[in-house]
Structures are given as C-alpha cells and as structure tokens.
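Following: one structure in structure tokens, then a few remarks.
In the working numbering, the protein residues as written are 917 to 1615.
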C-alpha cells in the first residue's frame, strides 16, 4: 500500500509522474511541464477533485488580460515541514526559493537555526511563516518576532490528533541545539496544545502571539474532518487572520502506517464544509482560507478556489521538484536523496536548488493563467466560493454513482464568499504603558525600574516589551536591565515569551500560563505582604512555563497542573504543583518544595527535577514508565539544590523555604531526584559515579 508496486495499488506520485515533474524543473521546459500535466490528467481518479469539474464563467478571455504570474505565486505556500524531518539543506532550499518568489514557506514545528536570521547576501534562508505546535520546539521571542505569519498547528492532516515524534537517530547535535534538546533522544509533540482546551483558550494564544509580534498575521491549521466547519467558525471568532484546512494526503512520511491508510479526510470535504459554515454564519469576510494536501496542478488550484480557498499549500510536489524519489523512508533517516535525513553521508547526495522550486511554481502559475483564461476569469478572486460552477464529471462505474451535491451547496441571498475586512486594532495594554515609560531605556539598554498595579484584565504582561527588546537587541539585554514591579492579580500568560534583560516581580498572584515560552529573564511571584495565609497556597495557575527555553521562575506558593510541561531550559522553584508536572520536559531544572499531583514526569526525557517529599508519597505519583527516583547524588547536586532554594528565599522571602534551609541536613534527606529513563544511559557516560545519600533509589 505504501511503497509503489508496478501491478499494485495506484499511486498519485508514481515513478513516471515523478520523472516528468523533475524533467520539467531541471530543464525549465514548458513542453516537459505540459507532459507532466497531461499525465496527471490521464491518471485514474484517486481524489474527490477528480470527480468534479468547473464550468466557465463566460467566454474565454485573452491571456494578456489575466492576472500576472507574480500575483498568482503570492498565493502559494510551502506547507509546514520541520527542520528535523527535513535536512537543513532541503529546508533552506525551500525557504530561499519562496522568498525569491515573494511567496512564503513554513518553518514547521521544529524551530529554526537563529544564525540564519543574521546571514547577509541576497537570499533569505528562513521561513516567513513560523509554526507554533504542541511541542513548542524552538519557539522563542526572536523566532516569533522574525515571522510575517504565525501558524498555530492544531493537528496534522496525515495523522490527525496524534501528536508527533522525531526519532532519536534524527536528533543530531544541530537539531538538538535548534530544539533545545539533547542529541540522540526522541522528541515528542503532545497530542493537544496544553494551553488550548477550548475556543476561548485558542483566542488567548492568538492574543499572546499578537503581543510578541504585533505585525504578523495569525493563522490556525485545522484538519479536514466531519464537523471542521463548526471549529472553523470558532477560530474566526477567536480573531484568527486565516484558517488552513489540511487534507489527509502528503506529509514527510513520519505518520504511522495505520494513519496513512485510514485517518483523515480529503481537503475537498473539509474546505467545502468550512466555506459553507462561515458563509452561513456571516463570518467568511473575517478570515482567509488556505488549503493543502496533495495539490499538484492548475486544475487542483482552480477547484480549491471555487470551493472557497484563497491561498494554496504545497508539500510533496515541491519535495519531488527538488529530488524526492518517493522512497518512503523519511522516518528511517535513510532518505537516498538527502532530503528527509540528518545523516551527513546522505545529505552529501542532495542536489536540490531553489531554482527548481521557482521553476515549478512559475510553470504552475502560468498553467493557472491559461486555465483562468479558458474559464473566462481574469483573476482567481472571481472564482473564490463560486460553488455554482461545480458539476460532476460523467464517469463510469461506481465513481459516477457518488452524490456530490453537498459540494455545490450555496447559502441563499447575498453573501460574502471571501475575506473582505481587516481585523480591528487591539486596545492598548499594560505593556504599552511600560514601553511609553521605558522606551528610551529599551532602545539604549539602560537600567530602568517601572512600578505599576496589575489586574486580571491585563493579559500577556511582558510579551510586547519582549518584542520591543528583541527588535532592537536580538540577543536580549544584560540581566535586570528592565525591571517591572507589579502589585495585584495578573491575567493569563503573565511573563509569556520574556527575554534576557527583563525582570518581572509580582506581589499577588497570577492566572494560567505564567512564563509560557519564556526564553530568558526572571519572574518572581510572592503573596501580598499582608496576606492572611502562609506561602504554600495557590499562587499561579495551570500550565506554567509551557515550552520555556530559558530564564528563571521563583514562586512562593503552589502552582496548578502541568507545571513545566515541555520545559526545555528554564529554572523554576515552586512550593507545590498539581498533576502532570514536568510532562514532556527536555531540559532545565525544577525544584518542588511541596506536594505534587499524579503522573509526574510523563514523557520526560531530560532535565533535572528535585522534589521535597517528607511523606514519601512521590513514588506512587510518578509516571514510572518515563522516570525513576533516586536520592540527591553527590556534592555538586546538593550544592546546586541548596543554592536554588537560597535564591528562592532571597527573591520571594518565602518563609516555607527559609524553614527548609534552617534544618538543611534533615531537609536534604527528604528530597528525591527525578531521573528520566531516556537520559540514564547518556548520564552514565558523562557523569562520574558518586556515592548516593542514605535514602537510596526507588524504581
């Protein structure tokens, strides 16, 4: 089913088709591209679009009156393929090509090498679209600030709802540095975003991203499935700029076999439902629609436009253009063409160039112009949402018996079929007030302290300041350059995406998502000085330090569930947490000075966690498939632990932590060190054996 066999299951990208496309882009021959296009047209029906055709608007128009190639290619996108699934060479090729065309490529969920941002020369090697996925790999303030578009990946068409995993043999030193991880260890993207459990949560993340990059378009990637129209309506209400409906085909070959065979829906179904739902509810004018999943030819693009799409994504066809031979070995790290591998010997065989991608899209755009002219249309805009032009093809056998009328449904009355209005500007924020007071200090790197009150309506405090710093100082500022002292109850995403040089001190409490995506800086939270309770009370909400890559957090109280989920480098001290602590953690150091909830350490592959457990209850609360426990090992670890607790006391004035330091020998004996099983072998190679404390190990 997966690999092509001459007498087996028909494949869309069969060897003759691959050869024809590669000949067209290598020779830049219009005749060769026409042969490829004809071969696709003669292929047996394999997709819903093969059962449909588009009627003309009227009489054909002269080709000279049709919109230009440059205007058409601006609608093209190379869909998300991560640096890690693709080799660095292939990833750069796609970015450079799309930037030359004035179009866009998508970074995928693996982040980017930030040295690419500083390269000189005529070509730009980083993607205009930066993706934010559930794993938050490489998502930092600078990464987000360098984007023209930010895309929230809810799911992937070829494996909807499954999350993802890059195998350890593809995590080289380079990939590990980009993703803030350890070479050789597998990296897991959770199935859900742990800061999105409702449309309101999605609206919050969109708001967060607008603060860290006020100039980027924000999009949401959804998967074609029954009911996607309802979800898309919620996304439009959450103030997204565009919605991507992704079909089940395509991908870089890392999907499980069962998903390739059985999961997902064609983009035609999802796009048609989304267009109809948005139009019926008066929401279509707010957002642009994009689709991807096996698009190849001008006919595919025209039908997608008629079904409602304004922009079009390409993945597999572009990889074929730069040399992919459809070996279906992407997940094995053995791609023979050097495209989907990290092995240096195979990467040396890579022959792809940006010119091949430019030629492919140029030929495709010219074919679209010819198709538009034949349909009597001068622009793609004239066809968007014109489902009244769709008719079924007269095909023999079972294909001709399908009821395709749902694709042709059109809401009654005058309706908006495409985006026509821009989102209104957002109201001023607390960060705007901080920037007004400290703007000169940010620009010149001068020390400043700002004192303000904060309320729950003040969300994502610090992110817009981080953007202002990153725009002028890509590597941040010296420690404590910009200090913001706040009193009150902070809203969601307090300290999200902050960078080196920032210090946020909060006297009060904070809601969910404290320190989300922070790349540096310091956050401290302490109860009001007149608080009528001791410090081991709830002081921060759920999902603290989600996807953090650096910086430090000291909280004189307890936090909620999923503390430090996907932490990749931040240091944190807290006085108790809820369930699922340190989930999918790949780096950083966490000290918990109080009780923990269940399932601690699930999916954790690296980093250090120390838990104070005088009641000896932690062994029943860890995820023992992922982690094990042992006593605090050796003098260096004991000193590190005591130093962090001392910093916590100095920063927050915690009376609970101070009492622990007063009786340090007893306190030390009540600590566990949480060890990820995936990191045990690596640690054994790099750390000398040390004498364990008397507490021993629990496995």
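All residues carry an ideal CB built from backbone N, CA and C; glycine is no exception.
Query, Result
"What do you reckon, are the CB atoms on residue 1687 and residue 1439 nearer than 9 Å?", "Outside the displayed span of the chain (917 to 1615) sits residue 1687, for which this structure offers no information."
"Look at residue 1510 and residue 1466 and say whether their C-beta atoms are less than 9 Å apart.", "no"
"Return the residue from the list 942, 1038, 1113 and 1222 that minimises the CA-CA distance to residue 1307.", "1222"
"Just mark residue 1226 as buried or exposed, buried being the case when its beta carbon has 16 or more other beta carbons within 10 Å.", "buried"
"On the DSSP letters alone, give me the boundaries of the beta strand (DSSP E) that residue 1487 sits inside.", "1484-1490"
"What would DSSP say about residue 1592, mapped onto helix, strand or coil?", "strand"
"So, with DSSP's three-state summary, where would you put residue 1579?", "coil"
"Counting pairs of beta carbons, one from the region 1498-1508 and one from the region 1472-1490, are three or more of them closer than 8 Å?", "yes"
"Taking just the CA atoms, how far does residue 1581 sit from residue 1606?", "Summary for residue 1606: the model assigns pLDDT 42, below 50, so the residue's position carries little reliability; its value from the coordinates is reported in the next sentence. Taking the straight line joining both Cα atoms gives about 18 Å."
"Find out if the Cβ-Cβ distance for the pair residue 1027, residue 999 is shorter than 9 Å.", "yes"
"Quick check on residue 1391: buried or exposed, where buried means 16 or more other Cβ atoms within 10 Å of its Cβ?", "exposed"
"Residues bridged to residue 1516 by DSSP?", "1538"
"Would you check if the distance between the CB atom of residue 1092 and the CB atom of residue 1100 is smaller than 9 Å?", "yes"
"Could you please give me the residues that DSSP links to residue 1587 through a beta bridge?", "1528"
"Between the beta-carbon of residue 1140 and the beta-carbon of residue 1187, is there less than 9 Å?", "yes"
"Should the region 1392-1400 be called in touch with the region 1417-1430, which here means at least 3 C-beta pairs below 8 Å?", "yes"
"Tell me residue 1401's beta-bridge partners as DSSP assigns them.", "1367 and 1421"
"Which residues does DSSP list as the beta-bridge partners of residue 1067?", "1047 and 1135"
"As a quick exercise: from 1589, 1228 and 1224, pick the residue whose alpha carbon is nearest that of residue 1211.", "1228"
"Consult DSSP for residue 1010 and reduce its assignment to one of helix, strand or coil.", "helix"
"Take residue 934 and list the residues in its own chain whose beta-carbon comes closer than 7 Å to its own, dropping the five residues that flank it on each side.", "1236, 1241 and 1242"
"Please classify residue 1592: is it buried, with 16 or more other beta-carbons within 10 angstroms of its beta-carbon, or exposed?", "buried"
"Any chance the region 976-992 sits against the region 1284-1295, with 3 or more Cβ pairs inside 8 Å?", "yes"
"Under the rule that 16 or more other beta-carbon atoms within 10 Å means buried, what is residue 953, buried or exposed?", "buried"
"In chain order, what are the residue ranges of uninterrupted beta strand (DSSP E) at least 3 long that sit wholly in the region 1253-1312?", "1306-1308"
"Once the 5 residues before and after residue 1185 are set aside, which same chain residues still bring their CB inside 6 Å of it?", "1140"
"Does the Cβ of residue 926 have 16 or more other Cβ atoms within 10 Å, making it buried, or fewer, making it exposed?", "exposed"
"Does the beta-carbon of residue 1253 have 16 or more other beta-carbons within 10 angstroms, so that it is buried, or is it exposed?", "buried"
"Taking the straight line between their C-alpha atoms, what separation do you get for residue 1234 and residue 1277?", "9 Å"
"Please name the residue, chosen from 1301, 1118, 1021 and 1281, that lies closest to residue 1335 on a Cα-to-Cα basis.", "1301"
"I need the boundaries of the beta strand (DSSP E) containing residue 1413, first residue and last residue.", "That residue, residue 1413, is in no beta strand (DSSP E); it is neither H nor E in DSSP."
"Helix, strand or coil: how does DSSP classify residue 1232 here?", "helix"
"Here's the rule: buried if 16 or more other CB atoms are within 10 angstroms of the residue's CB, otherwise exposed. What is residue 1310?", "exposed"
"How would you call residue 1564, buried or exposed, if buried means at least 16 neighbouring beta carbons within 10 angstroms?", "buried"
"Tell whether a beta-carbon distance below 9 Å holds between residue 1354 and residue 1366.", "yes"
"With DSSP as the reference, label residue 1179 as helix, strand or coil.", "coil"
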